[in-house]
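Enquirer: Have a look at this one before I ask anything.
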Amino acid sequence: MIETTCREAIRQALVDAMTADPSVILIGEEVGIYGGAYGVTKGLIDLFGADRVIDAPISESAIVGAAVGAAMTGLRPVAELMYVDFIGMTMDQLANQAAKSRYMFGGQIGVPMVLRTQGGTGRSAAAQHSQSLEAWVFHTPGLRLVMPATVNDAYHLLRQSLTQPDPVVFIEHKGLYTMKGALDVATPDGAWGQPVVRRQGGDLVILTYSRMLHEALAAAGQLAAQGVEACVIDLRCLNPLDEAPLIEAVKRTGRAMVVTEAAVTGSVASDIAARLSEVCFDWLEEPILRLGGEDIPIPVSPALEKGSIPSADLIRDAALWLVLRKAPPWAA
Amino acid sequence: MTNTAALQRYRTMRRIRSFEERVGELFLKGQSAGSMLHLSIGEEAVVGMTDAMRPGDTFTTHHRGHGVFLGRGADPARMMAEIAGKEDGYCRGKGGSMHIADRALGHLGANAIVGGGIPHVVGAGISCRNAGSGQISVAFFGDGAMSQGILYESMNMAALWRLPVIFCCINNQYGMGTRVDRSAGHCDFPARAEAFGLNAARADGADVEAVHDAAGALTKAARQGRPGYLEIDAYRFFGHARMDKSPYRTPEEEAGGRARDPLGTARARLAAEGIASEADLGGIDGDAAAEMDLALAHAIAATPPALSSMFEDVYAPGTPFPRPQADRLRAILSEGARA
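Line by line, the protein sequences give chains A and B. Under the numbering used here, think of the first position of the first sequence as 72, with each following residue one higher. Under the numbering used here, think of the first position of the second sequence as 1139, with each following residue one higher.
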């Protein structure tokens, strides 16, 4: 067990995977000599050489396309998309090629690649460098989708992604790279596809993932001071996602919300709320709430940016309504 | 060229044409899976390229790729079954004409997105390079893909990383209904490839031996890390797909295009050079027709896939798979699901 950052944990996962498996290669913009836009791949080109850590031209579509072809022919590529916002450049290769090859070709040709990217707000990077676009991936059958929130998950979920037979989109959060936490390389927080309970509580369930986990935990701390105990569940893997523990938790408390940083309309959170509403209907005391980003492009002003996504205070207020029917002043 | 090899290339071209004619019949009999059938009649000289490849080489094709796949050794019965959407087709009836593939023969997939399969040979080329296998990967596409950005991203990477890759454009003069001089401001496509640092050549698509000569030189260089571009100057004898009556071109133009027939050229040369008699060539033609009749009959008689197979191969076997909607609804609607 060591104390480290998310950035270092991801880097360590790449080093360990590349050491263990010579078929793992990295391909992306600035992954080599520059060391990655956020420093995640620093020094890897010195450790593994330019044939395995491939600095690519600014051609996102062909980066993902090349990774698809490499994966089809025996390599296990990790393609890096510097910002998830650039996913539009790659969408044909991701959604029509990587996602569908196994199916279209009758199971003959798998695409065991990982697309590492990062998203989210917090750095005033504005509308084209701050989005949470996981729903675009979530909507596409054939892709797996992972979004770590903790240092230990950053390491283990990436290692697990690199054992999967199908394409995995691994979305980091730019606001978590410097976050410190415990890394135990011997012990994952949970199995692939399993949500993890980060805080126990019997009054309501808060379901979330990525950086919003930390807002949810902060809210749960505030709620505890008011006598409300929130169970906080970190979804971690959005596909595959074992729903059984979520259903169990929602039936147990009868009160739930799903929190995301993404624009809420058409979001992963909306879909999960709908699924849980369907199967837990008779057990629900209140509607399942969705808290998400405003349905707007991300503005650059720090004040606007921060105000456009859920905060611990908003989560707390929503929880107090769910449990105590106590409306916040702005909703009265 | 050796006489045997030239005769074999004629045989393959004839098999392709006979196959494509049976694909047309399959559609007319109402037995094809849909009408998205793009025939490669007129483009058979691609055999000059496929014949320059070796076992273990990989390739991707476009939506008009039946000829390429047959050139690389495909079983026409399994191909036809796939085009009919049957269980024993190459892709278990999931892909069809536009998404046929066979990993064993190096076919990494036909693609229905124009240019979609091109970057895959870049990745396959990295695999070949890193393994030092001496193999190459070839992207086959049409002139329509010359207008897709992904082609140029891929050419640049191949040149930059000195990958054992060939970009093979089968220029049949039409992207759907748009003639190439209506989609390109400057139609010297080999010059585009050269500008990226590729070896580039254009060969007469009416002459399979000319294509083979050009392909031989390009593949030899590619195996040594010098990627190339080959353009096969051909003519699409029929419409874009089955429903296309070609209102965008004149009968006179079509007659002129069809006069540039790679089978006619090869036949005339084989006879003139005394490599094969009329009887020999007639025998080859008859064998091809009989083989493809069998393929057609096989496809029509073959079994459609079981409905439950629709959920298979979205993800790898043994990993979590999509839940059928009926299962999800059952969990909500059943009496046991109520509190």
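Using N, Cα and C, we set each Cβ at its ideal position, and we do this for glycine too.
1) Please name the residue in 1256(B), 1400(B), 1460(B) whose C-alpha comes closest to that of residue 1155(B).
2) According to DSSP, is residue 148(A) part of a helix, a strand, or is it coil?
3) 8 Å is my cut-off, CB to CB: does residue 1357(B) come that close to chain A?
4) Under a Cβ-count criterion, where at least 16 other Cβ atoms within 10 Å of its own Cβ denotes burial, should residue 401(A) be classed as buried or exposed?
5) Compile a chain-ordered list of the residues in the region 204-224 of chain A whose CB is closer than 9 Å to at least one CB of chain B.
6) With which residues is residue 1275(B) paired in a DSSP beta bridge?
7) Quick one: what's got a C-beta closer than 6 Å to residue 310(A)'s C-beta in the same chain, skipping five residues either side?
8) Bridge partners for residue 243(A) per DSSP, in chain order?
9) Spell out the partners DSSP gives residue 96(A) in its beta bridges.
10) Using the rule of at least 16 other Cβ atoms within 10 Å of the residue's Cβ for burial, across every protein chain shown, is residue 375(A) buried or exposed?
11) Short of 8 Å in beta carbon distance, which residues of its chain neighbour residue 1161(B), apart from the five on each side in sequence? Order them along the chain.
12) Could you please give the first and the last residue of the uninterrupted alpha helix (DSSP H) stretch that includes residue 1236(B)?
13) Once DSSP output is grouped into helix, strand and coil, what is the label at residue 1451(B)?
14) Residue 340(A) touches chain B at which residues, Cβ-Cβ below 9 Å?
15) Going by the beta-carbon positions, is the gap between residue 161(A) and residue 369(A) smaller than 8 Å?
16) Could you give the DSSP three-state label for residue 353(A): helix, strand or coil?
17) Find out if the Cβ-Cβ distance for the pair residue 336(A), residue 306(A) is shorter than 8 Å.
18) Listed from N- to C-terminal order along the chain, which residues in the region 1286-1318 of chain B have their beta-carbon within a distance smaller than 8 Å of any beta-carbon of chain A?
19) Looking at residue 1244(B) and residue 1189(B), is the spacing between their C-beta atoms short of 8 Å?
20) By the 9 Å beta-carbon criterion, what residues does the region 1211-1234 of chain B contribute toward chain A?
21) Just to confirm, are residue 254(A) and residue 208(A) a CB contact at a threshold of 8 Å?
22) Whole angstroms are fine: how far does the CA of residue 1384(B) sit from the CA of residue 1405(B)?
23) So, does the region 229-244 of chain A touch the region 358-369 of chain A, judging by three or more C-beta pairs under 8 Å?
24) Of the choices 1294(B), 1443(B), 1461(B), whose alpha-carbon is the least far from that of residue 1227(B)?
25) Indicate whether at least one CB of chain A lies closer than 8 Å to the CB of residue 1458(B).
26) Less than 8 Å separating the beta-carbons of residue 1258(B) and residue 1198(B)?
27) Does DSSP put residue 322(A) in a helix, in a strand, or in coil?
28) Can you list, in chain order, the residues of the region 323-350 of chain A whose Cβ is nearer than 9 Å to any Cβ on chain B?
29) In chain A, which residues lie with their C-beta within 8 Å of the C-beta of residue 1450(B)?
30) Give me the Cβ distance between residue 1233(B) and residue 176(A), rounded to the nearest whole Å; I'm assuming they're in contact under 8 Å.
31) Run through the DSSP bridge pairs and tell me what residue 308(A) is partnered with.
32) On the DSSP letters alone, give me the boundaries of the alpha helix (DSSP H) that residue 1367(B) sits inside.
33) What does residue 1312(B) pair with, by DSSP beta-bridge criteria?
34) Below 8 Å on C-beta distance, what does residue 1268(B) contact in chain A?
35) According to DSSP, residue 74(A) sits in a beta bridge with which residue or residues?
36) Entirely within the region 328-397 of chain A and at least 3 residues each: give me those beta strand (DSSP E) ranges in chain order.
Expert: Let me lay it out:
1) 1400(B)
2) strand
3) no
4) exposed
5) 212, 213, 215
6) 1196(B), 1303(B)
7) 215, 216
8) 189(A)
9) 148(A)
10) exposed
11) 1170, 1175, 1177, 1204, 1218, 1221, 1235
12) From DSSP, residue 1236(B) is part of no alpha helix (DSSP H); its letter is neither H nor E.
13) coil
14) Under the 9 Å cutoff, chain B gives no residues; its nearest Cβ is about 19 Å from residue 340(A).
15) no
16) helix
17) no
18) 1287, 1288, 1291, 1292, 1294, 1295, 1298, 1299
19) no
20) 1220, 1227, 1228, 1229, 1230, 1231, 1232, 1233, 1234
21) no
22) 28 Å
23) no
24) 1443(B)
25) yes
26) yes
27) helix
28) 346, 349, 350
29) 178
30) 6 Å
31) 217(A)
32) First-last for residue 1367(B): 1366-1371, but that is the beta strand (DSSP E), not the alpha helix (DSSP H).
33) 1317(B)
34) 96, 122, 123, 146
35) 253(A)
36) 360-364
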